[in-house]
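Trainee:
Number of protein chains: 2
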Amino acid sequence: MEEKKSQYCSCLYHSANALSRIMTKISDEEFSKIGLGSSHAFLVMTVNAKQGIQPKEISVQMQLTASTVTRLIEKMEYRGYLKREACGRTTKVYSTEAGLALQIKLKEIWKSLYERYASLLGKQEADQLTADIYNAALKLE
Amino acid sequence: MEEKKSQYCSCLYHSANALSRIMTKISDEEFSKIGLGSSHAFLVMTVNAKQGIQPKEISVQMQLTASTVTRLIEKMEYRGYLKREACGRTTKVYSTEAGLALQIKLKEIWKSLYERYASLLGKQEADQLTADIYNAALKLE
DNA sequence: AAATAATATTTGTATGTACAAACAAATTTA
DNA sequence: TAAATTTGTTTGTACATACAAATATTATTT
């Protein structure tokens, strides 16, 4: 039985993208338990952790562009988990009651996401890989 | 000067996605020299390497879904780099003259993409990271 | 041979993300 | 203080990708 590696397995562009798609799928699966996509879930967690946070800071923490953050906030506002307050040229983002009420579940799911991939990769290997990837990302940008 | 890591740097979902976005950006920058996005560029390379290849096999090699591959092929067909031939329930994909003519540039750009990230990460570290990520992706899916 | 299941491909639709441009407000410069 | 620049946010638009459903063809079973 011939085990064939992808022609592109030695290209970081491909490996990184493949892993990203798989992780997004796994993560979305987990967060779908509360009806949110991963990015939306982490956005709500981020705001829960710091009421009045500005989109700019969210975009730094989540490593997404400002426009993407605006779009994510809009949706969570529409769904009643977040609200915005214009404040000069900046905007402050707050959780609603409903948003805060999600926090326990969010943390639980985040933990079970970790358990899930750590059990497949090994805890130590998973942590090491995560750190390596993070450091590479820092060097590349 | 306070150097602060992202709150999420220890989460593989985030690290993987961040790296993926950075690599896609770098790669797209390189391939934009010939006016193609990365996925389209690799699709053309894949077909150049195997005339008559089927979308199914392309989707395996590129680790993309079949529908995504269809969309990529459509665009390259429209631009005159590929052509399709219906063949029973399958489809055969071929390069046109124009598509073949790109091959040298494609390989050059792919090489310079590698040089670019390898020079930032170190050749050995880059290769190791790529392999680690690829193996993790295999274990997770 | 007819019916059923499996497979390959495409289509309709939705989503996350980004870029560039538009705006608005604050800061700096002249 | 007026003008110019910078900064934070949002909007318009585009794109890659995926999922689910629809087709079409081939393979298998009865």
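Same order as they appear, the protein sequences are chains A and B.
The opening position of the first sequence corresponds to residue 8 in my numbering, with each subsequent residue numbered one higher.
The opening position of the second sequence corresponds to residue 8 in my numbering, with each subsequent residue numbered one higher.
The beta-carbon is built from N, C-alpha and C at its ideal position, and this holds for glycine as well.
Here the structure is a predicted model, which means the values were calculated and not measured.
(1) Flag A:R28 as yes if its beta-carbon sits less than 9 Å from any beta-carbon of chain B, otherwise no.
(2) According to a CB-to-CB cut-off of less than 8 Å, which residues of the segment 43-69 of chain B neighbour chain A?
(3) Here's a check: name, in chain order, each residue in its chain whose Cβ is nearer than 8 Å to the Cβ of B:S13, leaving out the five neighbours to either side.
(4) What is the DSSP secondary structure of B:E92, reduced to helix, strand or coil?
(5) Is A:L79 close to chain B, meaning its C-beta is less than 9 Å from at least one C-beta of that chain?
(6) B:E132 CB to nearest chain A CB: under 9 Å?
(7) If you drop the 5 nearest sequence neighbours on each side, which residues of the same chain put their C-beta closer than 7 Å to that of B:G107?
(8) Can you list, in chain order, the residues of its chain whose CB lies under 8 Å from that of B:T98, leaving out five sequence neighbours each side?
(9) Cβ closer than 8 Å: which chain A residues qualify as neighbours of B:I111?
(10) Under 9 Å, do A:Y121 and A:A133 count as touching if we go by C-beta distance?
(11) In the DSSP assignment, what residue or residues form a beta bridge with A:I151?
(12) Would you mind giving the Cβ-Cβ distance between A:Q68 and A:S102, rounded to the nearest angstrom? I have them listed as a contact below 8 Å.
(13) Do you know offhand how far B:E148's Cα is from B:L19's?
(14) Check A:W32 in the structure and name its three-state DSSP category.
(15) Rounded to a whole number of angstroms, what is the C-alpha to C-alpha distance between B:I41 and B:K112?
(16) Are the CB atoms of B:L26 and A:A23 within a distance shorter than 9 Å?
(17) State yes or no: is the beta carbon of B:L89 nearer than 9 Å to at least one beta carbon in chain A?
(18) Would A:V51 and A:Q110 be called neighbours here (beta carbons separated by less than 9 Å)?
(19) I want to see whether chain A comes within less than 9 Å of B:E148, judged by CB atoms only; does it?
(20) In three-state DSSP terms, what is A:S13?
(21) DSSP on B:M8, reduced to helix/strand/coil?
(22) Is B:C16 buried or exposed, if buried means 16 or more other CB atoms sit within 10 Å of its CB?
(23) Listing by chain order, which chain A residues have their CB less than 7 Å from the CB of B:Y149?
(24) What three-state label does DSSP hand A:K99 in the structure shown?
(25) For A:I60, which residues does DSSP report across the bridge?
(26) Please classify B:A73: is it buried, with 16 or more other beta-carbons within 10 angstroms of its beta-carbon, or exposed?
Mentor: Taking the geometry as given:
(1) yes
(2) S45, F49, T53, A56, V67, Q68, M69
(3) H21
(4) strand
(5) no
(6) yes
(7) Residue 107 of chain B is actually Leu in this sequence, not Gly. The residues are N55.
(8) Q61, P62, R91, E92
(9) Chain A residues near B:I111: none, gap ~18 Å exceeds 8 Å.
(10) yes
(11) Since the displayed chain A opens at 8 and closes at 148, residue 151 of chain A lies outside it and no answer follows.
(12) Not really, about 15 Å apart at Cβ, beyond 8 Å.
(13) 14 Å
(14) One detail in the question is off: residue 32 of chain A reads as Lys in this sequence, not Trp. A:K32: helix per DSSP, three-state reduction.
(15) 8 Å
(16) yes
(17) no
(18) yes
(19) yes
(20) coil
(21) The predicted model places B:M8 with a pLDDT of 33, which falls under 50 and marks its position as unreliable; any figure quoted below should be read in that light. Coil.
(22) buried
(23) Here chain B comprises residues numbered 8 to 148, so residue 149 of chain B is not present and cannot be evaluated.
(24) strand
(25) A:V100
(26) exposed
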